[in-house]
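This report refers to the structure that appears directly beneath it.
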Amino acid sequence: MCAQIKPTRMELTRLKHQYQIAKRGHKLLKDKRDEMVRQFMTYIKKNKSLREEIEEKLTEALKHFSIAESKMGEDLVTEALLCPEKTSDVVINWVNMMNVNIPSFEFKASGQAQELPYGFAFTSGELDRSVLDVIELLPLMLELAEAEKTCNLLADEIEKTRRRVNALEHVVIPETKKNIKYITMHLEENERAATTRLMKVKDMMLSEN
Amino acid sequence: MSQKAKVAVIGDENSIMIFNAVGFYTYPIEKYSDVRKKIIELEKNKFSIIFLTENVASGIEDVLDKYKNQSFPIIIPIPNKDGALGIGMKAIKQNIEKAVGSDIL
């Protein structure tokens, strides 16, 4: 690297400027990384507990559902569930966190929450229960989706930021420092050379007279 | 910026039928090889969230990884009636390792 840079004052100013920017960028990115890791920890804990809860409850609900299915017969269940009266509206909002766009969901169920979407004549209580369980779980499932996506995106961004911090810390900053030192030394050397030359010339002129 | 999200559920028919009742779109899968095609199709149809039962998710980790760092669609593994297989938990662990460097939970 040293061989390629020209030891001039212009280059020195440029490098000094670059060094300042690299140091500033390094500090900012380091702060960003630290804050993102902090946020990430809260989200990942939420993610984990949500997933545990959902895995447990959903398995339970689906078990009830399969019992209901075997009691009522597959056709009847399909018939009961095939034409839903309810529609679930999910609205996405975008939140910017540490320059990462993360989605957040808002759940709006149309109709009443505790209403079952079919008539009671041919269906069993097990089915009611499992459907109600799932309805109750829906907001949690959306929260899980949100938390998981947030964690994915954050983890990716943290990795990227860490790479950048490392590259600045271990490559760009030391390299610039080295180059600045090289140029300063070179310029000082030039200065000394000029001084000695002048002294020499003075001596020569004095001896000529 | 807000928009409406479409939610889909993919899985074996017996497990996901119930999500019909709450107004999600359900796509029963019979052959495991259809899952990839279905996901790509749903992505084209602008679905935001795809819940995937873990038994059909097990063979297609590469697809899950591909969508991991995109905003949409969000693919979330959920258990089916036989319980969870740990795919979702594994993903959480992977995330932690990626971000922090080691598994600390």
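So the protein lines, in turn, are chains A and B. Quick note on numbering: numbering that gives the first Met the number 0 labels position 131 of the first sequence as 130, and the sequence is numbered without any gaps. Quick note on numbering: numbering that gives the first Met the number 0 labels position 32 of the second sequence as 31, and the sequence is numbered without any gaps. Ideal Cβ placement from N, Cα and C applies to all residues, glycine included.
- For Ala-7(B), the uninterrupted beta strand (DSSP E) segment begins and ends at 6-10.
- Straight-line spacing of the CA atoms in Ile-103(B) and Lys-5(A) works out to 49 Å.
- Three or more beta-carbon pairs separated by less than 8 Å are not found between the region 6-19 of chain B and the region 174-190 of chain A, which leaves the two stretches without contact.
- The C-beta distance from Lys-31(A) to Thr-160(A) rounds to 6 Å, short enough to meet the 8 Å contact threshold.
- At a C-beta separation below 7 Å, Asp-88(A) has these neighbours in chain B: Lys-3.
- Ala-60(A) has its alpha-carbon roughly 10 Å from the corresponding atom of Asn-79(B).
- Between the C-alpha atoms of Leu-152(A) and Ile-101(A) there is a straight-line separation of about 8 Å.
- Taking 8 Å as the cut-off between beta carbons, the residues of the region 48-65 of chain B near chain A are Ile-48, Phe-50, in sequence order.
- Remark: C-beta atoms of Glu-156(A) and Met-35(A) approach each other more closely than 8 Å.
- Sequence-distant Cβ neighbours of Arg-8(A) in its own chain, meaning closer than 8 Å and more than five residues away, are Leu-186.
- Shown in chain order are the members of the region 20-39 of chain B whose Cβ falls below 8 Å from a Cβ of chain A: Ala-20, Val-21, Gly-22, Phe-23.
- For Pro-102(A), at least one C-beta of chain B is nearer than 8 Å to its own C-beta.
- In summary, Met-203(A) is exposed, with fewer than 16 beta-carbon neighbours lying within 10 Å of its beta-carbon over all protein chains present.
- Shown here for Ser-69(A): not one same chain residue has a beta carbon closer than 6 Å to its own, the five before and five after excluded.
- For Ile-86(B), the nearest beta carbon of chain A is not closer than 8 Å to its own beta carbon.
- Pro-76(B) and Tyr-66(B) have their C-alpha atoms spaced approximately 13 Å apart.
- Cβ atoms of Ser-123(A) and Ile-17(B) stay farther apart than 8 Å, at about 13 Å.
- Beta-bridge partners assigned by DSSP to Phe-104(A): Ile-91(A).
- Distance between Ala-98(B) and Met-88(B), taken at the CA atoms: about 16 Å.
- In the displayed model, Lys-45(B) falls within coil according to three-state DSSP, outside both helix and strand.
- Around the beta carbon of Ala-192(A), fewer than 16 other beta carbons sit within 10 angstroms, so the residue counts as exposed.
- When C-alpha distances from Lys-47(A) are compared across Glu-105(A), His-16(A), Leu-131(A), Glu-142(A), the shortest belongs to Glu-142(A).
- For Ile-134(A), the enclosing alpha helix (DSSP H) begins and ends at 124-166.
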